[in-house]
Structure formats: C-alpha cells, structure tokens
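> After the structure tokens below, expect a handful of questions from me.
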Amino acid sequence: MSILVYIEHADGAIKKTSLEAVSYATALAEKEGKEVVAVALGTIDQGALAKAGSAGAAKVLQVEDDKLNAGIIQAHANVVAQAFEKVGADTLVLAKSSLGDAVAARLTIKLKAGLVSNVVALPETDGGYKVKRSIYTGKAFAYSEITTANKILAVKKNAVALKADGADASVEKLEVTLSDSDFAAKITSTDKATDEISLPEADIVVSGGRGMKGPENWNLIEDLAKAMGAATGCSKPVSDSGWRPHHEHVGQTGVKVAPSLYVAVGISGAIQHLAGVNASKYIVVINKDPEAPFFKAADYGIVGDAFEVLPKLTEAVKAIK
Amino acid sequence: MKILVCITHVPDTTSKIQFTDNNTQFDKTGVQFIIGPYDDYALARAVELRDQTGGSLTVLNVGEAETEPTLRKALAIGADEAIRVNAFPSDSLFVANQIAHYATEGGYDLILMGRESIDFNGGMVHGMVAEMLGMPSISPVMKLDLEGETAKLAREIEGGKEYLEVNLPFVAGCQEPIAEWKIPNMRGIMSARTKPLNVVEAVSEDAATKTISYELPPAKGAVKLIDKDNVEELVQLLQNEAKVL
Ligand SMILES: Cc1cc2nc3c(=O)[nH]c(=O)nc-3n(C[C@H](O)[C@H](O)[C@H](O)COP(=O)(O)OP(=O)(O)OC[C@H]3O[C@@H](n4cnc5c(N)ncnc54)[C@H](O)[C@@H]3O)c2cc1C
Ligand SMILES: Nc1ncnc2c1ncn2[C@@H]1O[C@H](COP(=O)(O)O)[C@@H](O)[C@H]1O
Chain A
26 MSILVYIEHA
36 DGAIKKTSLE
46 AVSYATALAE
56 KEGKEVVAVA
66 LGTIDQGALA
76 KAGSAGAAKV
86 LQVEDDKLNA
96 GIIQAHANVV
106 AQAFEKVGAD
116 TLVLAKSSLG
126 DAVAARLTIK
136 LKAGLVSNVV
146 ALPETDGGYK
156 VKRSIYTGKA
166 FAYSEITTAN
176 KILAVKKNAV
186 ALKADGADAS
196 VEKLEVTLSD
206 SDFAAKITST
216 DKATDEISLP
226 EADIVVSGGR
236 GMKGPENWNL
246 IEDLAKAMGA
256 ATGCSKPVSD
266 SGWRPHHEHV
276 GQTGVKVAPS
286 LYVAVGISGA
296 IQHLAGVNAS
306 KYIVVINKDP
316 EAPFFKAADY
326 GIVGDAFEVL
336 PKLTEAVKAI
346 K
Chain B
642 MKILVCITHV
652 PDTTSKIQFT
662 DNNTQFDKTG
672 VQFIIGPYDD
682 YALARAVELR
692 DQTGGSLTVL
702 NVGEAETEPT
712 LRKALAIGAD
722 EAIRVNAFPS
732 DSLFVANQIA
742 HYATEGGYDL
752 ILMGRESIDF
762 NGGMVHGMVA
772 EMLGMPSISP
782 VMKLDLEGET
792 AKLAREIEGG
802 KEYLEVNLPF
812 VAGCQEPIAE
822 WKIPNMRGIM
832 SARTKPLNVV
842 EAVSEDAATK
852 TISYELPPAK
862 GAVKLIDKDN
872 VEELVQLLQN
882 EAKVL
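Here the protein sequences come in this chain order: A and B. So the first sequence is residues 26 to 346, counted in my numbering. So the second sequence is residues 642 to 886, counted in my numbering.
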C-alpha cells in the first residue's frame with residue numbers, strides 16, 4: 026500500500042507546506058508500513074521534484090502538462106484521482122491551502138474518502154482512526170474519526186516537523202487522460218507581486234494596523250520586514266481602507282499565518298485578528314497603549330510609539346545581521 | 642436566474658470557545674450565533690446579483706430548529722425564501738449530500754457559499770457539492786460579475802489574484818471584497834417575518850467522519866515587556882532566547 030501526497034510548487038521549487046505534508050506522510054507510512062509517493066502537476070524541473078525525497082518520498086510522479094500549471098481545480102482533482110488509483114493508495118495527504126482544499130473536496134467524492142482538514146498530529150489508530158485537527162480558527166482542537174477505507178488528510182502548516190535528511194526521490198512521468206470539461210473554468214490572467222515573500226508561507230511576518238496612521242508610513246513596516254527577512258501583513262481596517270492590498274490582511278476573515286515570529290505594530294489585538302495569528306510560535310507586540318489586548322497574546326512587548334520604536338528596532342536588527 | 646446561497650449558523654467571532662460533557666459537546670452558554678462571515682459576503686453579493694438580474698434567491702442551512710433566527714436574518718438581508726434541512730450537520734460530506742440533493746431538485750444557475758465555515762474551517766463543502774453535481778467549483782472568490790451565461794471572477798491566490806471565466810451553472814466559495822456585508826433594515830426585518838421558511842427532512846446519507854471529543858489549547862504565559870529605549874534587548878531575546886532571528 027502507498028500514501029499519496031499531492032504537492033504544490035511555486036517559482037521552480039516544492040512549497041515548504043508541501044514538504045511538511047510529505048514529512049507527515051513519511052511518519053505515517055513508517056507507522057503503517059507503507060510507501061510514500063508524491064504527485065506533482067505542471068512544468069517544473071525534475072531535479073527540484075527529486076527534493077521531495079529529502080522529506081521521505083520514495084518516488085514522485087510528474088504529470089507534465091502546461092495546462093496544469095494554473096490551479097484549475099477540476100483538472101487537478103481528476104489527475105490526482107488517477108494517480109491514487111495507479112499507485113494503489115488508500116490515503117491522500119496534502120497541505121492545507123486554498124488550492125489544496127478545493128482539490129481535496131472534489132477528491133472526497135471521487136475516491137469515496139473520509140476527509141479531515143487542518144490536521145495537526147498523526148492519527149491514533151488503536152480502536153478506530155482518530156485524527157486531531159484544529160477548529161474554531163485555532164481556538165480549539167477536535168478529535169475526529171474517519172470511518173471509510175480511503176482517507177484524505179489536509180495538514181495544517183507548521184504543525185509537523187520538517188524532515189530534511191532523506192535521499193533524492195526518483196521522478197517518473199505519469200500519463201493521464203483529461204477532457205475539455207476539466208477545464209471549464211478558464212483563467213484569463215493573473216496579477217501577482219512576484220518579488221514579495223509569500224505571506225502564508227513566511228517564517229517571519231511584520232504586520233501593521235490602524236496605529237500606523239496611513240499608507241505613507243508603511244516604509245517603516247517594510248524597512249523592519251526587510252531587515253528581518255519577513256513578509257508584511259496588516260489588519261482588516263488597513264486593507265479595507267485600501268492602505269494595503271487585500272491579500273495582506275491577516276485574521277479570521279483573512280490570511281491565517283503560522284510563522285516562527287509575528288511582529289504586530291499598532292494593532293489592538295481584536296479577537297478576529299488574533300484568530301489569524303494564534304498559530305505563530307512567538308509574537309512581539311509594539312503598541313503605545315499598555316492596555317491593548319494584543320499584549321495578552323504576546324511573548325514580548327514594547328509599550329511605545331511605533332514611529333519612535335520602529336526605526337530604532339530596524340537599526341538594531343540590521344546590526345546583528 | 643435562480644441563486645442558492647448556503648449559510649452556516651456559527652458562534653459570533655468574539656465568542657469564548659468552551660466544551661461541556663467531558664469535552665464532548667460545544668458549550669452554547671452565553672454564545673451569540675451569527676451567519677458565517679464568509680457566507681454573509683456570499684449572501685450580500687447574491688442579493689446584488691438577484692436585484693440586477695431579477696431572479697430568485699434562496700438561502701439554505703442544514704441544521705436543527707435553533708438555526709431559524711439565522712435564516713430569518715438572511716431573509717431580512719434580502720433572500721426571497723429560506724430552506725432548513727432538518728438535521729444536525731455532523732460532517733462536511735453529510736452536509737454536502739443534503740445541499741446537492743436539494744440543489745438538484747431546485748435547478749439553480751448559481752450556488753454561492755462562504756470560502757469556509759468559521760467553526761470547523763474545512764473550506765470543503767462547496768467543492769464536494771460541485772463534484773456531486775458535476776459543476777465547476779471556484780474558491781476563494783473575491784469578485785463575481787455576470788455577463789449573460791458567463792461569469793467573470795477574481796480568485797485570491799498567494800500574493801495576488803487570478804481572473805477567470807466560467808459558464809453557469811457553477812459553485813463558488815466567497816470572501817471579501819466580493820460585496821459589503823449588508824445590515825438588515827426595518828423594512829427587511831418586517832418582510833422577513835412573512836417570507837417562506839420551509840423545513841425539509843434530510844435525505845439519509847452516511848457521514849464519513851465522526852467527531853469524538855474536543856480540547857482547548859494550553860494557556861499562554863505572561864508577556865515579557867521590554868523598555869522602548871532598549872530595543873537592543875528585544876533583538877537579543879529574539880536571537881538568543883526565542884532563536885527566531
Ligand atoms: C466578523 C468580523 C471579522 C473580522 N475579521 C478581521 C480579520 O480577519 N482581521 C482583522 O485584523 N480584523 C478583523 N475584524 C475587525 C476587528 O474586530 C478589529 O476592528 C480590527 O482588527 C482592528 O484593527 P486595528 O487593530 O488595526 O485597529 P484599531 O483597533 O483601531 O487599533 C489600533 C491600535 O494602534 C495603537 N496605536 C495607535 N497609534 C499608535 C502609535 N503611534 N504607535 C503604536 N501604536 C499605536 C492603538 O493603541 C490601538 O491599539 C473583523 C471584525 C468582524 C466583526
Ligand atoms: N450546515 C450547513 N448548512 C448550509 N451550508 C453550509 C453548512 N456547512 C457549510 N456550509 C457552506 O459551506 C461553506 C464551507 O463550509 P466548510 O467546508 O465547513 O468550511 C460554508 O461557508 C457554507 O456556505
């Protein structure tokens with residue numbers, strides 16, 4: 026038996042979250058005596074795909090078709106279903122992402138599989154197949170049992186340790202059949218800032234809130250982010266006011282981040298904002314109000330004016346780099 | 642033009658999450674329930690599209706009788722009729738089965754949902770329903786315009802947007818800024834009382850998962866405050882104690 030992992034790639038490399046999914050599958054495979062096979066869609070260098078081996082995959086199946094470079098959900102789901110049959114898998118593991126979710130949802134029907142999303146730990150298998158998942162936007166956990174033979178597990182980012190000591194995987198081409206109806210949704214164009222660090226994947230995030238007063242002051246946030254090698258984020262009112270693009274908005278109704286370090290500047294710490302950051306390992310809060318609720322969720326804090334603290338902090342970070 | 646919007650009945654985003662009965666039941670004490678914030682965006686856009694095209698707008702929830710005030714609120718916001726599929730929404734596959742069954746009978750041109758529910762955060766039900774109905778699914782959608790039988794959409798991708806075109810019918814999971822949340826006005830609230838809210842029985846379909854118990858994360862320790870004139874100390878702590886720089 027095999028465990029199949031659906032891996033996503035960007036800019037010529039496998040995404041970190043997908044390598045986490047492979048690491049998770051590897052630990053699960055060891056427990057169940059199975060083999061890990063990954064499947065990658067679209068054009069990407071074979072050498073880059075072989076790196077799935079570092080996280081424990083024995084083999085990567087590549088479906089090389091330009092049409093699959095874009096994340097057309099129906100087409101991706103159809104390809105992964107064929108790969109699942111081909112390798113004789115009974116479990117599909119993937120990283121939770123907007124594309125991953127959409128593909129996994131369709132696969133539950135195609136594969137008649139029970140699915141658990143936001144998985145944070147390996148299943149407990151004595152007496153049922155019990156999986157721990159994060160719910161209520163990180164405010165709680167649930168233990169859910171999958172009752173079907175085929176299983177799909179969507180792993181939450183930063184929830185599993187990355188395995189990085191494996192040997193390169195072998196890469197094989199996989200032929201699949203796709204029909205026009207798989208491409209019913211047509212992508213007409215994309216609009217993407219390519220030089221930025223991707224916010225959902227970032228290891229450090231520096232975010233600004235309404236306390237930054239206006240978009241003209243964002244250079245202070247950007248300077249600190251640059252010094253730290255961080256992505257930039259913001260609170261909802263900031264993106265609602267058009268100070269920052271929508272895809273930077275962090276929280277309950279925005280991006281959920283899970284970095285090692287989250288730096289919040291001039292953000293009050295409303296519960297809806299916290300819902301997007303509570304998976305961060307460390308939180309630093311800079312706010313001029315000592316009563317700001319964010320301090321209760323923080324590991325380190327500075328009570329002070331952002332306009333005074335930020336330039337000094339940026340210099341201090343530069344000094345150690 | 643027939644539009645179906647599927648809404649969840651979920652704890653208000655400021656709710657304190659707690660469990661009872663030996664961590665096997667969600668504790669509803671003192672909890673306010675609302676339309677899921679993403680579903681609220683889907684509903685707001687659906688109201689605009691219905692007004693534009695002059696069709697009908699149905700809202701649907703799979704839930705027990707306690708969700709009816711939430712459905713009434715959706716009627717007050719502008720839906721024409723509400724359906725409650727009378728069942729406890731035990732897992733996403735079960736819910737998707739109910740919606741797909743109902744949608745097949747209704748023959749909808751457009752099915753809108755939220756990108757994810759804020760209780761279980763699956764982000765799955767729209768994709769499942771679309772697969773069951775053999776329709777395209779697109780999520781998370783931040784812009785949706787109709788030009789006859791074709792829809793033009795923007796979907797959020799990491800670091801940007803992707804623009805798509807798709808023919809009706811299809812299923813979309815919505816998020817902001819597709820439309821602004823609508824607050825019901827007095828006239829809406831009055832008319833909602835007389836709009837139809839029909840209860841239908843669930844079709845018997847098995848679920849694929851079963852939630853057994855819940856757990857809260859461990860409490861966070863106290864914050865370490867650093868003087869604003871000594872930012873070097875913060876950098877030193879981040880480097881040597883937290884080891885994140
Ligand atoms: C259903 C729902 C969903 C929501 N989803 C989200 C979400 O996903 N993400 C989100 O962020 N919000 C969300 N919100 C909004 C949320 O409730 C708050 O309104 C919002 O997070 C506040 O943003 P803020 O902290 O930037 O602004 P404010 O609350 O105005 O806080 C500004 C802070 O800056 C501080 N400050 C001011 N000047 C300075 C200075 N010179 N130096 C340092 N500090 C300063 C102030 O002390 C204050 O704490 C949601 C709300 C609802 C109802
Ligand atoms: N019980 C339910 N009744 C009606 N619609 C639902 C229900 N559960 C989920 N949905 C819809 O499916 C979307 C995604 O839900 P989920 O897959 O649970 O994250 C939600 O935003 C709703 O639009």
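Even glycine gets a Cβ: it sits at the ideal position worked out from N, Cα and C.
(1) I'd like to know if K669 (chain B) contacts chain A, where contact means its C-beta is closer than 8 Å to some C-beta of that chain.
(2) Checking contacts by CB at 8 Å: is L29 (chain A) closer than that to chain B?
(3) By the 9 Å beta-carbon criterion, what residues does the stretch 756-767 of chain B contribute toward chain A?
(4) So does I160 (chain A) have its beta carbon nearer than 7 Å to some heavy atom of ligand 1?
(5) To the nearest angstrom, report how far apart D207 (chain A) and E806 (chain B) are at their CA atoms.
(6) Closer than 7 Å: is that where the CB of K261 (chain A) sits relative to any heavy atom of ligand 1?
(7) Suppose the cutoff is 7 Å on Cβ atoms and the five residues either side in sequence are ignored; what does the same chain contact list for E856 (chain B) look like?
(8) Just the chain B side, please: which residues come within less than 9 Å of I292 (chain A) by C-beta, in chain order?
(9) Quick check: the Cα distance between D228 (chain A) and T42 (chain A), rounded to an integer number of angstroms?
(10) Could you please give me the residues that DSSP links to Q666 (chain B) through a beta bridge?
(11) Once the 5 residues before and after A728 (chain B) are set aside, which same chain residues still bring their CB inside 7 Å of it?
(12) For chain A, is any of its Cβ atoms less than 8 Å away from the one on Y743 (chain B)?
(13) Nearest to K714 (chain B) by CA position, among B:P825, B:L785, B:D750, B:A863, is which residue?
(14) Tell me where the alpha helix (DSSP H) around M253 (chain A) begins and ends.
(15) Considering only the alpha carbon of each residue, which of A:L286, A:E333, A:N183 lies closest to D870 (chain B)?
(16) I222 (chain A) and A256 (chain A) - do their beta-carbons sit closer together than 8 Å?
(17) If you follow the alpha helix (DSSP H) that L199 (chain A) is in, where does it begin and where does it stop?
(18) Which residues in chain A have a C-beta closer than 8 Å to the C-beta of P777 (chain B)? List them in chain order.
(19) Going by the C-beta, is I779 (chain B) closer than 7 Å to any heavy atom of ligand 2?
(20) If I measure Cβ to Cβ from A820 (chain B) and keep anything under 7 Å in the same chain, skipping five residues before and after, which residues do I get?
(21) Hey, quick one: how far does the beta strand (DSSP E) through T215 (chain A) stretch, first residue to last?
(22) Taking C-beta to C-beta, are I752 (chain B) and L645 (chain B) nearer than 8 Å?
(23) In whole angstroms, what separates the C-alpha of E746 (chain B) from that of L774 (chain B)?
(24) Could you check the C-alpha separation between N303 (chain A) and V231 (chain A) for me, to the nearest Å?
Result, derived from the coordinates:
(1) no
(2) no
(3) R756, E757, I759, D760, F761, N762, G763, G764, M765, V766, H767
(4) no
(5) 14 Å
(6) yes
(7) N664
(8) The premise fails here: I292 (chain A) is roughly 14 Å from chain B at the closest Cβ pair, so nothing lies under 9 Å.
(9) 11 Å
(10) B:T661
(11) V703, Q739, A843
(12) no
(13) B:P825
(14) 243-253
(15) A:E333
(16) yes
(17) L199 (chain A) -> no alpha helix (DSSP H), and no H or E assigned at all.
(18) I98, Q99, A209, A210
(19) no
(20) Y682, A685, R686, E689
(21) 211-217
(22) yes
(23) 11 Å
(24) 15 Å
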